[in-house]
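S.K.:
2 protein chains.
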Amino acid sequence: MKLRIVVTLKNGVLDPQGKAIEHALGSLGFSGVGEVRVGKLIELDVADGITDTDIDAMCTKLLANTVIENYRVEKQ
Amino acid sequence: MKLRIVVTLKNGVLDPQGKAIEHALGSLGFSGVGEVRVGKLIELDVADGITDTDIDAMCTKLLANTVIENYRVEKQ
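Chains A and B, in that order, are what the protein sequence lines are. Residue 139 in this note's numbering sits at position 61 of the first sequence, and the numbers go up by one each step. Residue 140 in this note's numbering sits at position 62 of the second sequence, and the numbers go up by one each step.
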């Protein structure tokens, strides 16, 4: 089974990478670009029998820093 | 308008970050995890009038390295 874990910064957490992209797009001449937020997309091939508990444990233990990040699991 | 740009490595391109996650999950005791691939999710607030040409130019000039990465645009 294929899993997609989308990890994004929580609202209110400063995103320096997003800010850098925002400024770079402006200096490249692209107008009309507001806030930019950068997150991670982690795609995993896992055994079909994996439990939701295991998936959550993988996310909270390793894939996302739940202090500053949210994660969302998409099964395909 | 909100744009989501999903940037992923092309097939066949080595993903050291993915490999590191794969090994870390194994050493944390999670079995049944196969290949792991890591990509970027870039969310932008842009003006409604932005053209597809501009969006593609932003991706090819800055957001994705099209030599080793694919990108996909999602409008919301």
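The beta carbon of each residue, even a glycine, is placed where N, CA and C say it ideally should be.
Would you verify that the beta carbon of residue 150/A is, or is not, closer than 8 Å to some beta carbon of chain B?
M.R.: Position 72 of the first sequence, counted from the start, is the residue given in the question as residue 150/A. Chain B contact via Cβ: absent.
S.K.: For the beta strand (DSSP E) that contains residue 131/A, what are its first and last residues?
M.R.: Along the first sequence, one-based indexing puts residue 131/A at 53. Looking at the DSSP string, residue 131/A is not in any beta strand (DSSP E); the run it does join, the alpha helix (DSSP H), is 130–136.
S.K.: Residues in the stretch 98–130 of chain A with C-beta within 8 Å of chain B's C-beta atoms, listed in sequence order?
M.R.: If the cut-off is 8 Å between Cβ atoms, the stretch 98–130 of chain A has 99, 102, 103, 106, 108, 109, 110, 111, 112, 113, 114, 115, 116, 117, 118, 119, 120, 121, 122, 123, 124, 125, 127 and 128 near chain B.
S.K.: Starting from residue 118/B and walking both ways along the beta strand (DSSP E), at which residues does that stretch end?
M.R.: For the purposes of this step, residue 118/B is identified with residue 40 of the second sequence, where counting begins at 1. From DSSP, the beta strand (DSSP E) with residue 118/B extends over 111–124.
S.K.: Using a Cβ cut-off of 9 Å, pull out every chain B residue sitting near residue 140/A, in sequence order please.
M.R.: One-based indexing of the first sequence puts residue 140/A at position 62. Residues of chain B passing the Cβ test: 99, 102, 103, 106 and 108.
S.K.: Of all Cβ atoms in chain B, is any one closer than 8 Å to the Cβ of residue 145/A?
M.R.: As a position in the first sequence, residue 145/A is number 67, starting the count at 1. Closer than 8 Å: no.
S.K.: My output table needs one value for residue 99/A: the three-state DSSP class, helix, strand or coil.
M.R.: Here residue 99/A refers to the residue found at position 21 when the first sequence is read from its first residue. Of the three classes helix, strand and coil, the one that applies to residue 99/A here is helix, per DSSP.
S.K.: At the level of alpha carbons, what is the spacing between residue 127/B and residue 94/B?
M.R.: Taking the second sequence and counting its residues from 1, the one referred to as residue 127/B is at position 49. Taking the second sequence and counting its residues from 1, the one referred to as residue 94/B is at position 16. Distance between the alpha carbons of residue 127/B and residue 94/B: 39 Å.
S.K.: Looking at the structure shown, is residue 88/B part of a helix, part of a strand, or coil, going by DSSP?
M.R.: One-based indexing of the second sequence puts residue 88/B at position 10. Coil, per DSSP.
S.K.: Could you say which of 153/B, 139/B, 111/B and 106/B lies nearest to residue 104/A if we only look at CA atoms?
M.R.: The residue you call residue 104/A lines up with position 26 of the first sequence. The residue with the shortest Cα to Cα distance from residue 104/A is 139/B.
S.K.: Please report the residue range of the beta strand (DSSP E) in which residue 188/B lies.
M.R.: For residue 188/B there is no data in the structure shown, the boundaries of chain B being 79 and 154.
S.K.: Taking the C-alpha atoms as reference points, what is the distance between residue 91/A and residue 134/A?
M.R.: Numbered from its first residue, the first sequence carries residue 91/A at position 13. Numbered from its first residue, the first sequence carries residue 134/A at position 56. Between residue 91/A and residue 134/A, the C-alpha separation is close to 22 Å.
S.K.: Report yes or no: is there a C-beta of chain A within less than 8 Å of the C-beta of residue 134/B?
M.R.: As a working mapping, residue 134/B is identified with position 56 in the second sequence. Not closer than 8 Å to any Cβ of chain A, the Cβ of residue 134/B fails to qualify, so no.
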